[in-house]
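Heads up, the thing below is written out as structure tokens.
Number of protein chains: 2
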Amino acid sequence: MEHLEYQEGRTELAAFGEFPLIERLTDGFVPKNKSTRLGVGDDAAVLGTGKVKTLVTGDMLVEGVNFDMMYTPLRHLGYKAVAINLSDIAAMNGLPRQVLVNVAVSNRYSVEALEELYAGIRLCCDRYDVDLVGGDLATSRAGMVLSVTAIGEADEDAITYRSGARMHDLICVSGDLGSAYSGLLVLEREKVTYQANPDFKPDLDGYDYVLERFLKPEPRLDIVKLLKEKGIVPTSMIDVSDGLASELLHICKQSNCGCEIYEERLPIDYQTTRVCSEMSNNMLPVSNALNGGEDYELLFTIKQQDYEKIKDCDEVHIIGHITEAGSPAVMVTPQNTTIQLRAQGWQCNE
Amino acid sequence: MEHLEYQEGRTELAAFGEFPLIERLTDGFVPKNKSTRLGVGDDAAVLGTGKVKTLVTGDMLVEGVNFDMMYTPLRHLGYKAVAINLSDIAAMNGLPRQVLVNVAVSNRYSVEALEELYAGIRLCCDRYDVDLVGGDLATSRAGMVLSVTAIGEADEDAITYRSGARMHDLICVSGDLGSAYSGLLVLEREKVTYQANPDFKPDLDGYDYVLERFLKPEPRLDIVKLLKEKGIVPTSMIDVSDGLASELLHICKQSNCGCEIYEERLPIDYQTTRVCSEMSNNMLPVSNALNGGEDYELLFTIKQQDYEKIKDCDEVHIIGHITEAGSPAVMVTPQNTTIQLRAQGWQCNE
Numbered sequence: 079m080e081h082l083e084y085q086e087g088r089t090e091l092a093a094f095g096e097f098p099l100i101e102r103l104t105d106g107f108v109p110k111n112k113s114t115r116l117g118v119g120d121d122a123a124v125l126g127t128g129k130v131k132t133l134v135t136g137d138m139l140v141e142g143v144n145f146d147m148m149y150t151p152l153r154h155l156g157y158k159a160v161a162i163n164l165s166d167i168a169a170m171n172g173l174p175r176q177v178l179v180n181v182a183v184s185n186r187y188s189v190e191a192l193e194e195l196y197a198g199i200r201l202c203c204d205r206y207d208v209d210l211v212g213g214d215l216a217t218s219r220a221g222m223v224l225s226v227t228a229i230g231e232a233d234e235d236a237i238t239y240r241s242g243a244r245m246h247d248l249i250c251v252s253g254d255l256g257s258a259y260s261g262l263l264v265l266e267r268e269k270v271t272y273q274a275n276p277d278f279k280p281d282l283d284g285y286d287y288v289l290e291r292f293l294k295p296e297p298r299l300d301i302v303k304l305l306k307e308k309g310i311v312p313t314s315m316i317d318v319s320d321g322l323a324s325e326l327l328h329i330c331k332q333s334n335c336g337c338e339i340y341e342e343r344l345p346i347d348y349q350t351t352r353v354c355s356e357m358s359n360n361m362l363p364v365s366n367a368l369n370g371g372e373d374y375e376l377l378f379t380i381k382q383q384d385y386e387k388i389k390d391c392d393e394v395h396i397i398g399h400i401t402e403a404g405s406p407a408v409m410v411t412p413q414n415t416t417i418q419l420r421a422q423g424w425q426c427n428e
Numbered sequence: 079m080e081h082l083e084y085q086e087g088r089t090e091l092a093a094f095g096e097f098p099l100i101e102r103l104t105d106g107f108v109p110k111n112k113s114t115r116l117g118v119g120d121d122a123a124v125l126g127t128g129k130v131k132t133l134v135t136g137d138m139l140v141e142g143v144n145f146d147m148m149y150t151p152l153r154h155l156g157y158k159a160v161a162i163n164l165s166d167i168a169a170m171n172g173l174p175r176q177v178l179v180n181v182a183v184s185n186r187y188s189v190e191a192l193e194e195l196y197a198g199i200r201l202c203c204d205r206y207d208v209d210l211v212g213g214d215l216a217t218s219r220a221g222m223v224l225s226v227t228a229i230g231e232a233d234e235d236a237i238t239y240r241s242g243a244r245m246h247d248l249i250c251v252s253g254d255l256g257s258a259y260s261g262l263l264v265l266e267r268e269k270v271t272y273q274a275n276p277d278f279k280p281d282l283d284g285y286d287y288v289l290e291r292f293l294k295p296e297p298r299l300d301i302v303k304l305l306k307e308k309g310i311v312p313t314s315m316i317d318v319s320d321g322l323a324s325e326l327l328h329i330c331k332q333s334n335c336g337c338e339i340y341e342e343r344l345p346i347d348y349q350t351t352r353v354c355s356e357m358s359n360n361m362l363p364v365s366n367a368l369n370g371g372e373d374y375e376l377l378f379t380i381k382q383q384d385y386e387k388i389k390d391c392d393e394v395h396i397i398g399h400i401t402e403a404g405s406p407a408v409m410v411t412p413q414n415t416t417i418q419l420r421a422q423g424w425q426c427n428e
């Protein structure tokens, strides 16, 4: 009998990022079933032998790491836990059909608290015509952990991977970027003030959009439907969960290409700009857009010939183009300087 | 801004059991998609519109609640986390094809520790021809949380629910019962001794079978294959995760029937009997068999006419029969007294 944490030759988790570590741990798992079309490495796995494929994806949310109960209403949390998984199905150009929700809670939570959580889960399921088909309820020693699996479907011909971007393809993004992170910045600011003075009444007027973006994101299934209507199958797609820069680098790596985006083309809401201007460290809105994360917008590439079909869609912004293999991933500023993109990911809340 | 735990009108989670609480929380979720054939309420959800259905199930394991790192090798933990989910697919009379594994860990764990965990995951995947197709790696504040989703398939005609048992059906169980719990009792005993005296070397000789049953359970996919070979489709089935009594009550409730099992028919290994005899509280082996839990054997009912097909299978034991609606679930002792079954579930490790 012994304590099974390894003391000798110990490598700290911090020595790896999340993605290199997942790659290392899952390296050598070779699919054996003919129904496994794609395993680890994209927004969702692709399963099935027929023309319509099943898409499966899962995400875990940990209290104190991925959400702070200080300012996260449980109803919003339930909604968000489902929504971000539906976003991964959307990122494969698919439509979600079912979710399973596993919840671990400590006895700090009441039955009424769980009912609030499930009310949010139900709201998101109802809104996106998704069925809750299972889940486990476990006891935790500390706080709440949510693990959601989403199942969706897509025609084989429509499924969009991270690996399909080709030189000259146009880079598109839906909605706007950086607003969710701006919402988090506001909440963190108010939390600090409240902790210093519990009589303080936070004033959240004028921040409604960025707060909703953070607390209750929406999966862009409307974009999946729009693309279908317009007859466009993107060449690659990913959802923006860790920030635009990180996601662009995923696409470039998996498609073996570079990219060039234009700073002035990045869609940024005025509330995002306002929040940035209020921060003491002179935060630039473009930095939020590149690195903020949790926007759950769709980032995708299309062939140049599809430009005419999409150019008038208000919710889609063309922000750049794909460059050849070996080129870097860069952003061109209005002053025509070039900045290499780096994945800073999503670090504020950890 | 406020702390969002509800203080007024608070109902403690302990006021509900797990299953009534899940029922309460998921009540009113009505499936909307035609591909959702069965949602919450069985070992797995049943999805798809074709003849071959997709089965999906998920489970969560929390450190300090569902497993104790003091005596759980990480390789075994990875194996078990996958195995118990494959068992839920087996309980639908299906075969597993893929798993997704979400892991949350604190920085107490090293990269090498995670590699051990994944080595166990891989071992179980390889043994049962299952593909690892996804998963999330999250940060936890305390300990490890595992959440596994298993995906399987079964012909529509072969899928076995908890609700199909009918009067006079024979009740069968695979393997033996109570051995996993006996393994846990041994580990808990040695842990207490070790904590009192860290120089103590635990002597686990002669307990190998019960220890393996607890630390490294096997899903009974061999029984699913055997039933197919013999041309038997069970009328109902469930896997024994919370103890025979609890599972029988699930079948009786969902099939609207009673049952009668015979104490002398319960399959109990000699190591289970030995462990019970060593316990100071005069534990009865039959009590372990009824309430121990974590055996991951299959409990199923078959039509009487299938008796000849199965009577010579060593791994299947006929322990009783189904009685009419309104009858209780009972065990008949060798002295011919009748004991009503109650769900004590699985409480030791919580």
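If you're matching them up, the sequences are chains A and B in order.
Per my numbering, the first sequence runs over residues 79 to 428.
Per my numbering, the second sequence runs over residues 79 to 428.
All C-beta atoms in this analysis are idealised placements derived from N, C-alpha and C, irrespective of residue type, glycine included.
These figures come from a predicted structure and were not determined experimentally.
| query | result |
| --- | --- |
| Within 10 angstroms of the Cβ of Thr-451/B, are there 16 or more other Cβ atoms? Answer buried if so, exposed if not. | Past the boundaries of the shown model lies residue 451/B; chain B is included only from 79 to 428, so the question cannot be answered. |
| Spell out whether any CB of chain A is found under 8 Å from the CB atom of Met-79/B. | With a pLDDT of 45 at Met-79/B, under the threshold of 50, the predicted position of this residue should be treated as unreliable, though the coordinate-derived value follows. Output row for Met-79/B: interface = yes. |
| Give, in chain order, every unbroken run of the alpha helix (DSSP H) that is at least 4 residues long and sits entirely within the segment 360-387 of chain B. | 363-369 |
| Is there at least one Cβ from chain B nearer than 8 Å to Lys-110/A's Cβ? | yes |
| Check whether the segment 325-332 of chain B and the segment 386-394 of chain B touch, using three or more Cβ-Cβ pairs below 8 Å as the test. | no |
| What is the rounded straight-line gap between the Cα of Asp-300/A and the Cα of Thr-217/A? | 37 Å |
| Using a cut-off of 8 Å between C-beta atoms, extract the partners of Asn-185/B located in chain A. | Glu-90, Leu-91 and Ala-92 |
| Are the beta-carbon atoms belonging to Val-211/B and Gly-309/A less than 8 Å from one another? | no |
| Considering Cα atoms alone, identify which of Val-223/B, Val-160/B and Asp-247/B is closest to Leu-201/B. | Val-160/B |
| By the criterion of Cβ-Cβ separation under 9 Å, what are the contact partners of Gln-176/A in chain B? | Pro-109, Asn-111, Ser-113, Thr-114, Gly-117, Ala-123, Leu-125 and Val-134 |
| Opposite Met-138/A in the DSSP bridges: which residues? | Ser-225/A |
| Taking Cβ-Cβ distances shorter than 8 Å, what residues in chain A pair up with Met-315/B? | The premise fails here: Met-315/B is roughly 17 Å from chain A at the closest Cβ pair, so nothing lies under 8 Å. |
| Is Val-318/B helix, strand or coil by DSSP? | coil |
| Across which residues does DSSP place Gly-212/B in a beta bridge pair? | Leu-178/B |
| Could you run through the segment 188-217 of chain B and flag, in chain order, every residue whose CB is less than 9 Å away from some CB of chain A? | Ser-188, Val-189, Glu-190, Ala-191, Leu-192, Glu-193, Glu-194, Leu-195, Tyr-196, Ile-199, Arg-200, Cys-203, Asp-204, Asp-207, Val-208, Asp-209, Leu-210, Val-211, Gly-212, Gly-213, Asp-214, Leu-215, Ala-216 and Thr-217 |
| List the residues of chain B whose Cβ lies closer than 7 Å to the Cβ of Ser-241/A, in chain order. | What Ser-241/A touches in chain B: nothing, since even the nearest Cβ is about 16 Å away. |
| Express the C-alpha separation of Tyr-149/A and Met-79/B in angstroms, rounding to a whole number. | With a pLDDT of 45 at Met-79/B, under the threshold of 50, the modelled position of that residue is not reliable, and the figure given next carries that caveat. Near 6 Å, if we compare the C-alpha coordinates of Tyr-149/A and Met-79/B. |
| Cutting at 6 Å between CB atoms, please list the residues of its own chain near Val-181/B, excluding the five before and the five after it. | Leu-215 and Leu-224 |
| Hey, is Gly-172/A's beta-carbon within less than 8 Å of any beta-carbon in chain B? | no |
| Considering only residues of the same chain and omitting the five flanking positions on each side of Pro-280/A, which have a CB-CB separation below 8 Å? | Glu-268, Thr-271 and Tyr-272 |
| If the cut is a Cβ gap below 8 Å, which residues of chain A does Asn-180/B touch? | Gly-136, Asp-137, Met-138 and Ser-225 |
| Please name the residue, chosen from Ser-405/A, Lys-294/A, Met-245/A and Glu-96/A, that lies closest to Asp-320/A on a Cα-to-Cα basis. | Glu-96/A |
| Quick check on DSSP: helix, strand or coil for Gly-423/B? | Annotation note: pLDDT 44 at Gly-423/B (below 50); position unreliable, no value reported. |
| Would Glu-266/B pass as an interface residue toward chain A - the criterion being a Cβ-Cβ separation below 8 Å? | no |
| Would you kindly work out how many angstroms separate the C-alpha atoms of Leu-304/B and Pro-174/B, rounded to a whole number? | 16 Å |
| Distance check for Gly-256/B and Phe-292/B, CA to CA, integer angstroms please. | 10 Å |
| With a threshold of 8 Å between beta-carbons, can Leu-99/B be considered close to chain A, or not? | yes |
| Could you tell me whether the Cβ of Arg-219/B comes closer than 8 Å to any Cβ of chain A? | yes |
| Give the DSSP-derived three-state secondary structure of Ala-92/B in the structure shown. | helix |
| Use the C-beta contact count for Ser-358/A: other C-beta atoms within 10 angstroms, 16 or more gives buried, fewer gives exposed. | exposed |
| Should Thr-350/A and Asn-366/A be called a contact, given that it needs their Cβ atoms to be closer than 8 Å? | yes |
| Does Glu-356/A get closer than 8 Å to chain B when you measure Cβ to Cβ? | no |
| So if DSSP puts Gly-503/A in a beta bridge, which residue, or which two residues, is it bridged to? | Outside the shown range of chain A (79 to 428) lies residue 503/A, about which nothing can therefore be said. |
| Assign His-246/B to one of three DSSP states: helix, strand, or coil. | coil |
| On a CA-only basis, which of Met-170/B, Ile-249/B and Met-138/B is nearest Asp-235/B? Give me that one, please. | Met-170/B |
| Give the C-beta separation of Pro-295/A and Lys-158/A to the nearest angstrom, bearing in mind that I take them to be a contact with Cβ-Cβ under 8 Å. | 6 Å |
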